[in-house]
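All residue numbers for the sequence shown refer to the working numbering, where the first residue is 42 and numbers rise by one.
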Amino acid sequence: MGREDGAALVAVVVVMVVGFVVVSLVGVAAMFSMQSTQAEAGRVRALVAAESGRDAMLGALTSGGCAVTTLTGTEPTFTARVFPVSVPAGGGLPSSTVGLVERCPDASTTHVVISSEGTADRQSVTVDAVYEWKVEREVTRLGGSVGGGSGFTVLASAFYEGDLVIRSGDFNCDLALPLLNHFDGDVYVLNGNARILGFCSLSGDLYVSGDVTGVGTVSGRIVAGGSISFLVFSASKSNGPFDPPAEELLERTQWFDLNEATAWPGFTTELTLPAATCNSPAVRGQIVDLLNGSGGKIVIDTSACIDQIDLSPAFLSSTSVTVKRDVVLLVNNGFRFASGWLSGGGGKLYVVQTNTSADPENPAPRCEGRTGITLTASGGWGGWPETLVYSPCGVTVSGAGGVNILSGFKGQIIAPTSGSWNILATRTCARFTIPGLFDLVCDLSDAGSSGGTGGTGGASAPGALVRQTER
42 MGREDGAALV
52 AVVVVMVVGF
62 VVVSLVGVAA
72 MFSMQSTQAE
82 AGRVRALVAA
92 ESGRDAMLGA
102 LTSGGCAVTT
112 LTGTEPTFTA
122 RVFPVSVPAG
132 GGLPSSTVGL
142 VERCPDASTT
152 HVVISSEGTA
162 DRQSVTVDAV
172 YEWKVEREVT
182 RLGGSVGGGS
192 GFTVLASAFY
202 EGDLVIRSGD
212 FNCDLALPLL
222 NHFDGDVYVL
232 NGNARILGFC
242 SLSGDLYVSG
252 DVTGVGTVSG
262 RIVAGGSISF
272 LVFSASKSNG
282 PFDPPAEELL
292 ERTQWFDLNE
302 ATAWPGFTTE
312 LTLPAATCNS
322 PAVRGQIVDL
332 LNGSGGKIVI
342 DTSACIDQID
352 LSPAFLSSTS
362 VTVKRDVVLL
372 VNNGFRFASG
382 WLSGGGGKLY
392 VVQTNTSADP
402 ENPAPRCEGR
412 TGITLTASGG
422 WGGWPETLVY
432 SPCGVTVSGA
442 GGVNILSGFK
452 GQIIAPTSGS
462 WNILATRTCA
472 RFTIPGLFDL
482 VCDLSDAGSS
492 GGTGGTGGAS
502 APGALVRQTE
512 R
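In structure tokens:
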């Protein structure tokens with residue numbers, strides 16, 4: 042019996058040892074599984090943090106250019122950096138950031154690598170995302186220009202401040218007494234003739250591709266491709282090329298597109314109306330309230346509206362509105378403004394009827410049956426904010442008795458029918474500059490020598506995601 046008891050005891054001990062080993066192994070396996078699960082969860086959270094950093098840098102590059110090359114966050118925790126690269130046609134994209142320099146993109150940049158490291162629960166994940174880099178040349182344009190073939194004819198007493206370019210057609214400033222006309226700037230007639238009578242005053246130079254006729258005085262020089270009447274007096278007369286060259290003037294005054302896809306750097310879209318009827322008291326009230334607001338620069342997008350909105354005093358609940366900040370008002374099917382209710386308070390107003398050229402390589406107004414923009418004034422535009430009016434469908438300026446009045450107006454009107462305006466009293470050109478989008482100048486001397494478009498300060502932003510790797 043002793044031997045049997047001893048054997049039984051040994052068997053029990055062996056079973057206990059084996060059981061202990063099994064339990065230990067199960068415990069270790071369970072602990073390992075828990076640790077692996079926690080590590081994987083931490084890695085997932087770290088990946089989310091890394092992608093948050095990527096999105097933050099992408100948003101910064103899209104909305105505000107390149108203010109900084111490194112962004113950090115704490116909830117979640119990330120560090121994101123941007124590395125621009127220039128890849129020739131057919132060249133390969135970088136597989137990592139090794140050898141790349143952290144800096145802002147420039148005119149030679151074709152792609153950007155956003156490298157973002159996220160951390161969570163002692164885990165770390167780095168995301169390298171490669172995006173196309175879109176560079177759109179900034180438009181530098183002379184505001185005082187006339188397109189189409191109708192030329193420019195003064196039909197009423199005109200006082201204009203700024204250079205004026207007539208791209209095609211004649212310049213006729215030949216009204217008789219008692220209507221006095223004064224142009225304070227240079228006048229360029231690129232494909233036509235000029236006719237001047239004694240009560241038309243030009244304080245700058247006159248450049249004409251054809252003949253200069255009439256009886257009058259030009260304070261500056263006259264440069265013409267044809268003959269110059271001996272009854273038109275000037276500081277000097279000559280036959281010679283334009284300065285700047287006519288080709289450069291054509292480029293500086295060419296049409297350019299502004300539409301729903303246009304990015305407005307520094308502006309925030311505050312209101313976007315749906316594709317519906319919008320000319321209602323409620324919608325007009327929303328627009329007026331935003332025009333009267335303060336704070337940062339905003340965009341009011343009514344381009345989806347199917348009708349024409351009328352902001353005339355008779356339709357407004359408030360007729361005392363001050364524009365204190367820059368406001369972009371996007372429209373599609375026309376717009377109607379009337380003077381007398383809006384005043385300038387330091388902000389500029391951009392009224393933009395959207396346009397997408399049929400051939401982007403040759404930009405041109407494209408109206409396609411839409412209604413243009415109407416400016417109605419009974420007593421002039423004195424006190425109105427500096428305003429840019431852009432329309433591919435034309436701008437109608439009307440007042441009491443059918444007289445087209447721009448008295449007191451300060452700004453620019455960019456429209457294909459601008460050469461047919463009747464201009465009564467003062468109209469002063471104002472410069473409009475949105476860095477990265479356009480610089481609409483009033484004097485050619487402000488446009489520099491880069492031509493109508495160009496420069497490294499163009500509207501640039503990340504494009505499509507090409508690929509992303511994680512490590």
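No residue lacks a Cβ here, since even glycine has one placed at the ideal position from N, Cα and C.
Just so we're clear, the structure is a prediction, and the values are computed from it rather than from any experiment.
1) Scan the stretch 113-174 and note each continuous beta strand (DSSP E) run of 3 residues or more that stays entirely inside, going in chain order.
2) Would L485 and P285 be called neighbours here (beta carbons separated by less than 8 Å)?
3) If we call anything under 8 Å between Cβ atoms a contact, is L371 one with S344?
4) Comparing C-alpha positions only, which one of D298, T397, L429, G132 sits nearest to D367?
5) Please name the residue, chosen from V126, W305, L290, that lies closest to H152 on a Cα-to-Cα basis.
6) In terms of DSSP beta bridges, what is I454 paired with?
7) Can you tell me whether P503 is buried or exposed? The criterion is at least 16 other CB atoms within 10 Å of its CB, across all chains shown.
8) With a 10 Å radius around its C-beta and 16 neighbouring C-beta atoms as the bar for buried, classify S361 as buried or exposed.
9) Mind checking Q509: buried by the 16 CB within 10 Å criterion, or exposed?
10) For V256 versus L243, is the C-beta spacing smaller than 8 Å?
11) Can you tell which of S137, F124, V228, I350 has the C-alpha that lies nearest to the C-alpha of Q394?
12) To the nearest whole angstrom, what separates the beta carbons of S157 and A91, a pair I think is in contact under 8 Å?
13) Taking the C-alpha atoms as reference points, what is the distance between P315 and C346?
14) Following the continuous alpha helix (DSSP H) through G326, name the residue where it begins and the one where it ends.
15) Considering only residues of the same chain and omitting the five flanking positions on each side of T138, which have a CB-CB separation below 7 Å?
16) Express the C-alpha separation of R122 and L141 in angstroms, rounding to a whole number.
17) Taking the alpha carbon of N373 as the reference point, which residue from S432, D147, E173 has its own alpha carbon closest?
18) Determine the closest residue to P135 out of G381, Y172, G410, with distance taken between C-alpha atoms.
19) By Cβ distance below 8 Å, which residues in the same chain neighbour A505 in space, the five residues on each side in sequence not counted?
20) Taking the C-alpha atoms as reference points, what is the distance between V507 and V128?
21) Who are the near neighbours of F73 in its chain, counting only those whose CB is closer than 8 Å to its CB and skipping five residues on each side?
22) Please go through the same chain and pick out, in chain order, the residues whose beta-carbon is closer than 7 Å to the beta-carbon of V53, but skip the five residues on each side of it.
23) Any idea if S380 is buried or exposed, counting beta-carbon neighbours within 10 angstroms, 16 or more meaning buried?
24) Take L331 and list the residues in its own chain whose beta-carbon comes closer than 8 Å to its own, dropping the five residues that flank it on each side.
25) Is the Cβ-Cβ distance between C470 and G307 less than 8 Å?
26) With DSSP as the reference, label A80 as helix, strand or coil.
27) Tell whether a beta-carbon distance below 8 Å holds between S260 and G233.
28) DSSP beta-bridge partners for I414?
29) Could you tell me which of G337, D348, A302 sits nearest to V324, measuring between CA atoms?
30) Please report how far the alpha carbon of S149 lies from the alpha carbon of G132, in whole angstroms.
31) Can K365 and G386 be called in contact, C-beta distance under 8 Å?
32) Quick one: Cα of R95 to Cα of L112, how far?
33) Return helix, strand or coil for R236, following the three-state DSSP convention.
34) Just curious, the alpha helix (DSSP H) that R293 is in, first and last residue?
35) Answer with buried or exposed for G245, where buried requires no fewer than 16 other C-beta atoms within 10 angstroms of its C-beta.
36) Can you round the beta-carbon distance between P457 and G477 to whole angstroms, since I take them to be within the 8 Å contact cut?
With the structure as the only source:
1) You should have 118-126, 152-161.
2) Less than 8 Å divides the Cβ of L485 from the Cβ of P285.
3) Yes, the pair counts as a contact, with Cβ atoms nearer than the cut-off.
4) Closest in alpha carbon position to D367, among D298, T397, L429, G132, is L429.
5) Looking only at V126, W305, L290, the smallest Cα-Cα distance to H152 is reached by V126.
6) V430, per the DSSP bridge assignment.
7) Its Cβ being crowded by 16 or more others within 10 Å, P503 is buried.
8) It counts as exposed.
9) By the 10 Å Cβ count, Q509 comes out exposed.
10) Not closer than 8 Å, so no.
11) Scanning S137, F124, V228, I350 for the CA closest to the CA of Q394 turns up I350.
12) Your pair S157 and A91 checks out as a contact, with CB atoms roughly 5 Å apart and the cut at 8 Å.
13) When rounded, the separation of the alpha-carbon atoms in P315 and C346 is 6 Å.
14) 322-332 is the extent of the alpha helix (DSSP H) around G326.
15) F124, V154, S156, D169.
16) L141 and R122 have their alpha carbons spaced roughly 11 Å apart.
17) A check of alpha carbon separations from N373 across S432, D147, E173 identifies S432 as the nearest.
18) Just measuring C-alpha positions, the residue of G381, Y172, G410 sitting nearest P135 is Y172.
19) Taken in chain order, the residues that qualify are Y172, E173.
20) Each residue's Cα considered, the two are about 13 Å apart.
21) Unreliable placement is indicated for F73, whose pLDDT of 44 sits below 50; the coordinate value is still reported in the next sentence. Taken in chain order, the list of residues that qualify is empty.
22) Confidence in V53 is poor, its pLDDT being 49 and thus under 50, which makes the residue's placement unreliable; the coordinate value appears in the next sentence. Apart from the 5 residues on each side of it in sequence, V53 has no Cβ closer than 7 Å to any other Cβ in its chain.
23) S380 comes out buried.
24) The beta carbon of L331 sits closer than 8 Å to those of E311, L312, I339, I341, V368, all from its chain and outside the five residues before and after it, given in chain order.
25) Not a contact, by the Cβ cut-off of 8 Å.
26) A80: helix per DSSP, three-state reduction.
27) Not in contact: S260 and G233 (Cβ atoms no closer than 8 Å).
28) Looking at the DSSP assignment, I414 forms a beta bridge with F376, V436.
29) For V324, the closest of G337, D348, A302 by C-alpha to C-alpha distance is D348.
30) One C-alpha to the other measures close to 14 Å.
31) A contact, by the Cβ cut-off of 8 Å.
32) Rounded to the nearest angstrom, the two C-alpha atoms are 9 Å apart.
33) Under the three-state reduction of DSSP, R236 is assigned to strand.
34) Its alpha helix (DSSP H) spans residues 287-293.
35) With 16 or more other Cβ atoms inside 10 Å of its own Cβ, G245 counts as buried.
36) Incorrect: roughly 26 Å between the Cβ atoms, too far for contact.
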